[in-house]
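Taking it in order: structure first as structure tokens, then the write-up.
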Amino acid sequence: MILDYNKIDPELLPALDQFPKLDITRDNIVQLRAAMANQPVPPSSVQVDEERAVVPSDDGGVDVYIYRKSKKPDQAALLWIHGGGYILGTAADDQMARIIADRFDCTVISVDYRLAPEHPFPAAPNDCYAALTWLFAESGSLNIDPARVVIGGASAGGGLTAGLALMNRDLANHPLKLQLLLYPMIDNLHATESGQYENHPVWKQSTSFNAWEMYLNGEPGLDASPYAAASRARDLSGLPPAYICVGSEDLFRDEDIEYARRLITAGIPTEFAVFPGVYHGGESFVVGAAVSKRMRTSFMNALGDALR
Numbered sequence: 601m602i603l604d605y606n607k608i609d610p611e612l613l614p615a616l617d618q619f620p621k622l623d624i625t626r627d628n629i630v631q632l633r634a635a636m637a638n639q640p641v642p643p644s645s646v647q648v649d650e651e652r653a654v655v656p657s658d659d660g661g662v663d664v665y666i667y668r669k670s671k672k673p674d675q676a677a678l679l680w681i682h683g684g685g686y687i688l689g690t691a692a693d694d695q696m697a698r699i700i701a702d703r704f705d706c707t708v709i710s711v712d713y714r715l716a717p718e719h720p721f722p723a724a725p726n727d728c729y730a731a732l733t734w735l736f737a738e739s740g741s742l743n744i745d746p747a748r749v750v751i752g753g754a755s756a757g758g759g760l761t762a763g764l765a766l767m768n769r770d771l772a773n774h775p776l777k778l779q780l781l782l783y784p785m786i787d788n789l790h791a792t793e794s795g796q797y798e799n800h801p802v803w804k805q806s807t808s809f810n811a812w813e814m815y816l817n818g819e820p821g822l823d824a825s826p827y828a829a830a831s832r833a834r835d836l837s838g839l840p841p842a843y844i845c846v847g848s849e850d851l852f853r854d855e856d857i858e859y860a861r862r863l864i865t866a867g868i869p870t871e872f873a874v875f876p877g878v879y880h881g882g883e884s885f886v887v888g889a890a891v892s893k894r895m896r897t898s899f900m901n902a903l904g905d906a907l908r
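See below:
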């Protein structure tokens with residue numbers, strides 16, 4: 601099946617001319633990371649403090665980056681998980697973390713989890729869980745209010761957030777105000793209508809399947825762990841409230857719709873929104889587009905309500 605690009609919001613189309621084609625495989629992942637690392641990063645207009653810390657874990661420690669606007673006491677906190685298909689990305693100099701810390705005067709802790717294929721599942725969720733456990737254990741020294749903690753992420757970061765919510769429920773069950781899932785990558789099968797299109801911009805079907813294979817170190821299908829692919833979870837009860845958004849032209853659209861439906865059926869307070877004409881991550885590539893502003897306003901309002 602071929603996606604009709606006429607369905608994409610016209611304001612978001614020009615950015616696709618500058619976006620590289622992501623044909624990611626095990627053979628080129630290292631070179632692609634190096635190329636991305638060499639791309640110039642524009643200076644941030646958001647001025648917040650950034651601090652690196654090492655979280656103890658069973659695997660030797662996890663780097664986290666702490667972003668703060670002020671030193672006010674008892675701050676609300678967001679454990680933020682970056683995207684990148686489970687195989688790309690870093691928590692260092694995280695622009696979304698900076699924006700959120702500045703906007704809400706809260707503490708944002710961004711997790712520099714280990715990446716596949718060098719570190720396949722369960723390395724990444726274990727790192728995120730270690731960071732969450734540390735956040736609560738050190739809430740006093742971190743000047744964080746443990747009653748106002750949110751977990752969130754975009755794309756693969758949203759998938760890790762969904763898996764972390766399940767893991768936390770099954771283990772320590774730390775109180776969480778919200779799981780913020782921005783177009784989350786949660787289904788290793790893509791057995792939906794939106795998952796069948798072969799030419800999605802930014803993140804297409806073949807690249808996504810390759811990323812899942814690297815992350816899961818194979819293709820376990822329906823037997824994938826729900827901590828890796830939250831769509832595989834049979835029981836969604838007892839989870840924190842959720843906010844989910846996705847674009848209508850995103851590969852993940854239908855799996856995210858189905859996950860939201862299942863959360864609602866399980867009695868989880870859930871807010872869900874589909875934004876017309878938006879491809880994967882489109883609102884971050886063209887921030888000035890009208891639909892991008894509506895999308896960001898939607899998830900920022902949900903986040904702000906949870907951090908109050």
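With the working numbering as the guide, the letters of the sequence shown map in order to residues 601 to 908. Glycine residues also receive a C-beta, built at the ideal position from the N, C-alpha and C atoms.
- In the three-state scheme derived from DSSP, where H, G and I count as helix and E and B as strand, Gly752 is classed as strand.
- Counting other Cβ atoms within 10 Å of its Cβ, Leu822 stays below 16 and is therefore classed as exposed.
- Look at Glu651 here: in three-state DSSP terms it is strand.
- Take the alpha-carbon of Asp787 and the one of Tyr686: they are about 13 Å apart.
- Sequence-distant Cβ neighbours of Asp745 in its own chain, meaning closer than 7 Å and more than five residues away, are Asp674, Gln675, Ala676.
- Around the beta carbon of Val749, 16 or more other beta carbons sit within 10 angstroms, so the residue counts as buried.
- Non-local beta-carbon contacts of Met814 in its own chain, meaning distances under 8 Å to residues more than five positions away in sequence, involve Arg626, Ile629, Tyr686, Ile687, Ala716, Pro717, Pro720 in chain order.
- Ranking Phe809, Ile868, Gly882, Arg853 by CA distance to the CA of Leu766 puts Ile868 first.
- As DSSP reads the structure, Arg668 sits in a beta bridge with Asp649.
- Secondary-structure assignment with DSSP links Thr870 through a beta bridge to Ala842.
- Beta-carbon to beta-carbon, Leu679 and Ile700 are separated by about 11 Å, too far to satisfy the 8 Å threshold.
- Ser848 and Ile857 have their C-alpha atoms roughly 10 Å apart.
- Under the three-state reduction of DSSP, Thr792 is assigned to coil, being neither helix nor strand.
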